[in-house]
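K.L.:
Count the sequence shown with mature numbering (1 follows the signal peptide of the UniProt record, and there is no 0) and you get residues -26 to -1, 1 to 332, in order.
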Amino acid sequence: MASSAAAASIVSLLFLSSSLLLVSEAQKTSAPIVNGLSWTFYKQSCPKVESIIRNQLKKVFKKDIGQAAGLLRLHFHDCFVLGCEGSVLLDGSASGPGEQEAIPNLTLRKEAFEIIDDLRARVHKECGRVVSCSDIVAIAARDSVTLSGGPDYEVPLGRRDGLTFATQQGTLDNLVPPFADTTFLLDRLASKNLDKTDAVALSGGHTIGISHCSSFTDRLYPTQDPTMDKTFANNLKKSCPAADSPNTVFQDIRSPNVFDNKYYVDLMNRQGLFTSDQDLYTDKRTRDIVKSFAVDEKLFFEQFALSMIKMGQMSVLTGKQGEVRANCSVRNTDNKNYLASVVDDEVREEGWSAEFRK
Ligand code: HEM
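#1: Under 7 Å, do I182 and A43 count as touching if we go by C-beta distance?
#2: Could I get the ranges of all uninterrupted beta strand (DSSP E) runs contained in the region 126 to 201, with 3 residues as the minimum, in chain order?
#3: Taking C-alpha atoms, which residue in R83, A268, A173 lies nearest to Y237?
#4: Counting along the chain, where does the alpha helix (DSSP H) carrying V264 start and finish?
#5: Taking only three categories from DSSP, how would you classify F248?
#6: Would you mind reading off the limits of the beta strand (DSSP E) that contains T222?
#7: Indicate the three-state DSSP secondary structure (helix, strand or coil) for E297 in the structure shown.
#8: To the nearest whole angstrom, what separates the beta carbons of N221 and S122, a pair I think is in contact under 8 Å?
#9: Name the two residues that bound the continuous alpha helix (DSSP H) containing D240.
#10: To the nearest angstrom, report how far apart A(-19) and M242 are at their CA atoms.
#11: Helix, strand or coil: which one does DSSP assign to Y312?
#12: Is it the case that the CB of F50 approaches a heavy atom of the ligand HEM more closely than 6 Å?
#13: Kindly list the residues whose CB is nearer than 6 Å to the CB of I39, restricted to its own chain and excluding five residues on each side of it in sequence; keep chain order.
#14: In this structure, does DSSP put G325 in helix, strand or coil?
#15: Taking L48 as the reference, give the member of V290, T141, R83 with the closest Cα.
#16: Out of curiosity, what's the CA-to-CA distance linking E59 and D251?
#17: Mapping DSSP to helix, strand and coil, what is V119?
#18: Verify the contact flag: A114, CB atom, against every heavy atom of the ligand HEM, threshold strictly below 6 Å.
#19: Give me the Cα-Cα distance between D270 and Q74, rounded to the nearest whole angstrom.
#20: Residues bridged to G70 by DSSP?
#21: Would you report the Cα separation of R134 and M202, rounded to the nearest angstrom?
#22: To the nearest angstrom, how far is it from the Cα of D52 to the Cα of V8?
#23: Are the Cβ atoms of I263 and V119 separated by less than 7 Å?
#24: Quick check on DSSP: helix, strand or coil for L56?
#25: Please look up how many angstroms separate the CB atoms of C214 and T191, rounded, as I've assumed it's under 8 Å.
#26: Tell me the DSSP secondary structure of S12 in three-state form.
#27: If I follow the unbroken alpha helix (DSSP H) through T205, where does it start and stop?
#28: Which residues mark the beginning and the end of the alpha helix (DSSP H) in which I89 is found?
#29: Flag I263 as yes when its Cβ comes closer than 6 Å to any non-hydrogen atom of the ligand HEM, and as no otherwise.
#30: Grab me the residues of Y312's own chain with a C-beta within less than 6 Å of its C-beta, minus the 5 sequence neighbours each way, in chain order.
#31: In chain order, what residues of the same chain lie with their CB nearer than 7 Å to the CB of I26, ignoring the 5 residues before and after it?
#32: Could you tell me the distance, in whole angstroms, from the CA atom of residue 408 to the CA atom of S177?
#33: Note the first and the last residue of the continuous alpha helix (DSSP H) segment covering I27.
#34: Evaluate Q287 with the Cβ neighbour count: other Cβ atoms within 10 Å of its Cβ, from every protein chain shown; 16 or more gives buried, anything less gives exposed.
Here's what the structure looks like:
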């Protein structure tokens, strides 16, 4: 009995180390940078952009660290729908409601949008209208990870802001619902050139932040999901006494506000919140990757950074495509204050602003 248990644990250790090997192999191929983006895009035009954003976010998170989760999720919802081009930031127009009205986006934090436009104002005040809203979202997501205790990594820059937004159906068709199983999740991510290692790593974003009851109560009522730990389920039922309770719960019960690898420890203890989370541990294709991240935080951090860089370059607009919005929630042509800002920027760009004011 004892020797068969020992043999079983040796076999599982072997499995674990082979998956570690697989994931470390994947890390060596660092995500390539797409045409038009650059690691030093604002070196001349706005060298302080990253320090302005980081310093301001330090202040924001000191007041409320929960905002980091909101900003991280915003970048994901931007990138998955029409690419990382700021379409999620746009208000609706005569052509229809904006992406924010689509069901998965109703739980994006209102403050996240305000923080992004405030950062945009600070950056544009310093440099003029040269930095796009979609780049600000990508930098803010990275800073949210870093300032919550996660990895620091470089973000390729030079994204331009899009001129259109997706329909409600288009938004739904591109995001992943929490009731998705691993097959659904892997298929949807594969359609965006993200593989199963990316899928497991990016889901680790759920190591911070909150969820509304309605996003997971299908696992509690009317019948309890048998893959969920019973004590965990009972506690969730206390926070969410009915399927549609308006309450929220932490996503990672071990360290809700710290970006670490505890999300994967939760999954191994059957304490994942969504089906899309827990099924990564149930499914044989992803189980060993979950384990490898649960036992090795450094490995998770390295892979998370790579997968974020990859996700952050999805269908970006570059060069002369799109525009650099003067207000993140409206296209420049719909922006009443845009003319004034164009004049300001031209003055600045031509460098005769001081002359002009004489
Ligand atoms: C791909 C499958 C994913 C699914 C099914 C999913 C689903 C969800 C759901 C349902 C919520 C809770 C919304 C609510 O009820 O308030 C949530 C929150 C969150 N998600 Fe995801 N998500 C996924 C991927 C990601 C990725 C790739 C990231 C980032 C890398 C991410 C980051 C977050 C964060 C940080 C929160 C907390 C937001 C807050 O506290 O405001 N998610 N996600």
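From the three backbone atoms N, C-alpha and C, an ideal C-beta is built for every residue, glycine too. Small disclaimer: the values here were computed from a predicted structure and weren't measured.
P.N.:
According to the data block:
#1: Along the sequence shown, read from residue 1 onward, the residue named residue 182 stands at position 208. Along the sequence shown, read from residue 1 onward, the residue named residue 43 stands at position 69. Yes. Within cutoff.
#2: Restricted to the region 126 to 201, the beta strand (DSSP E) segments that are unbroken, complete and at least 3 residues in length are 184 to 186, listed in chain order.
#3: Start at 1 with the first residue of the sequence shown, and residue 237 comes out as number 263. Checking every option, the nearest Cα to that of Y237 belongs to A268.
#4: Taking the sequence shown and counting its residues from 1, one reaches residue 264 at position 290. Boundaries of the alpha helix (DSSP H) around V264: 258 to 269.
#5: Reading the sequence shown from its first residue, position 274 is the one you call residue 248. Correct three-state label for F248: coil.
#6: For the purposes of this step, residue 222 is identified with residue 248 of the sequence shown, where counting begins at 1. Element bounds for T222: 222 to 224.
#7: The residue you call residue 297 lines up with position 323 of the sequence shown. Strand at E297.
#8: Translated into positions along the sequence shown, residue 221 becomes position 247. Translated into positions along the sequence shown, residue 122 becomes position 148. Cβ atoms of N221 and S122 stay farther apart than 8 Å, at about 23 Å.
#9: In the sequence shown, the residue the question calls residue 240 occupies position 266. 236 to 242 is the span of the alpha helix (DSSP H), which, as asked, contains D240.
#10: Along the sequence shown, read from residue 1 onward, the residue named residue -19 stands at position 8. Along the sequence shown, read from residue 1 onward, the residue named residue 242 stands at position 268. Note on A(-19): pLDDT 40, under 50, position unreliable in the model; no value is reported.
#11: Looking up residue 312 in the sequence shown gives position 338. Helix, per DSSP.
#12: As a first step, residue 50 must be located in the sequence shown, where it is residue number 76. True, at least one ligand heavy atom lies under 6 Å from that Cβ.
#13: By 1-based counting over the sequence shown, the position of residue 39 is 65. Contacts found: N231.
#14: Position 351 of the sequence shown, counting from 1, holds the residue named residue 325. Because G325 sits at a pLDDT of 35, beneath the cut-off of 50, its placement in the model cannot be relied upon, and the following sentence gives the value as read from the coordinates. In the three-state reduction of the DSSP assignment, G325 falls in the coil class, being assigned neither a helical nor a strand state.
#15: The residue you call residue 48 lines up with position 74 of the sequence shown. If we check each option's Cα against that of L48, R83 comes out closest.
#16: The residue labelled residue 59 in the question sits at position 85 within the sequence shown. The residue labelled residue 251 in the question sits at position 277 within the sequence shown. Each residue's Cα considered, the two are about 27 Å apart.
#17: Here residue 119 is taken as the residue at index 145 of the sequence shown, counted from 1. Note: V119 maps to helix in three-state DSSP.
#18: Within the sequence shown, numbered from 1, the residue matching residue 114 stands at position 140. Result no, Cβ not under 6 Å from the ligand HEM.
#19: Indexing the sequence shown from 1 puts residue 270 at position 296. Indexing the sequence shown from 1 puts residue 74 at position 100. As the crow flies, the alpha-carbon of D270 is around 36 Å from that of Q74.
#20: Taking the sequence shown and counting its residues from 1, the one referred to as residue 70 is at position 96. Bridge pairing for G70: S67 [DSSP].
#21: In the sequence shown, residue 134 corresponds to position 160, counting from 1. In the sequence shown, residue 202 corresponds to position 228, counting from 1. Their Cα atoms are separated by approximately 43 Å.
#22: What you label residue 52 is simply residue 78 of the sequence shown in a count that begins at 1. What you label residue 8 is simply residue 34 of the sequence shown in a count that begins at 1. Straight across, the Cα-Cα distance linking D52 with V8 is about 18 Å.
#23: Taking the sequence shown and counting its residues from 1, one reaches residue 263 at position 289. Taking the sequence shown and counting its residues from 1, one reaches residue 119 at position 145. Against a cut-off of 7 Å, the Cβ pair of V119 and I263 comes out as no contact.
#24: By one-based count along the sequence shown, residue 56 stands at place 82. In the structure shown, the three-state DSSP call for L56 is coil.
#25: Translated into the one-based positions of the sequence shown, residue 214 becomes position 240. Translated into the one-based positions of the sequence shown, residue 191 becomes position 217. Contact annotation, C214 with T191: C-beta distance approximately 5 Å; criterion of less than 8 Å satisfied.
#26: Taking the sequence shown and counting its residues from 1, the one referred to as residue 12 is at position 38. Note: S12 maps to strand in three-state DSSP.
#27: The residue labelled residue 205 in the question sits at position 231 within the sequence shown. Looking at the DSSP string, the run of the alpha helix (DSSP H) that includes T205 is 204 to 213.
#28: Numbered from 1 along the sequence shown, position 115 holds the residue referred to as residue 89. Residues 84 to 101.
#29: Taking the first residue of the sequence shown as 1, we reach residue 263 at position 289. Checking the Cβ of I263 against the ligand HEM gives no.
#30: As a position in the sequence shown, residue 312 is number 338, starting the count at 1. Excluding residues within five positions, the ones whose Cβ falls inside 6 Å are A300, N306.
#31: The residue you call residue 26 lines up with position 52 of the sequence shown. Closer than 7 Å at the Cβ level, and outside the excluded window around I26, lie R96, V97, E100.
#32: What the structure shows of the chain is the stretch from -26 to 332, and residue 408 is not part of that stretch, so it cannot be assessed.
#33: What you label residue 27 is simply residue 53 of the sequence shown in a count that begins at 1. Start and end: 23 to 37.
#34: Taking the sequence shown and counting its residues from 1, one reaches residue 287 at position 313. The residue is buried, with at least 16 neighbouring Cβ atoms inside 10 Å.
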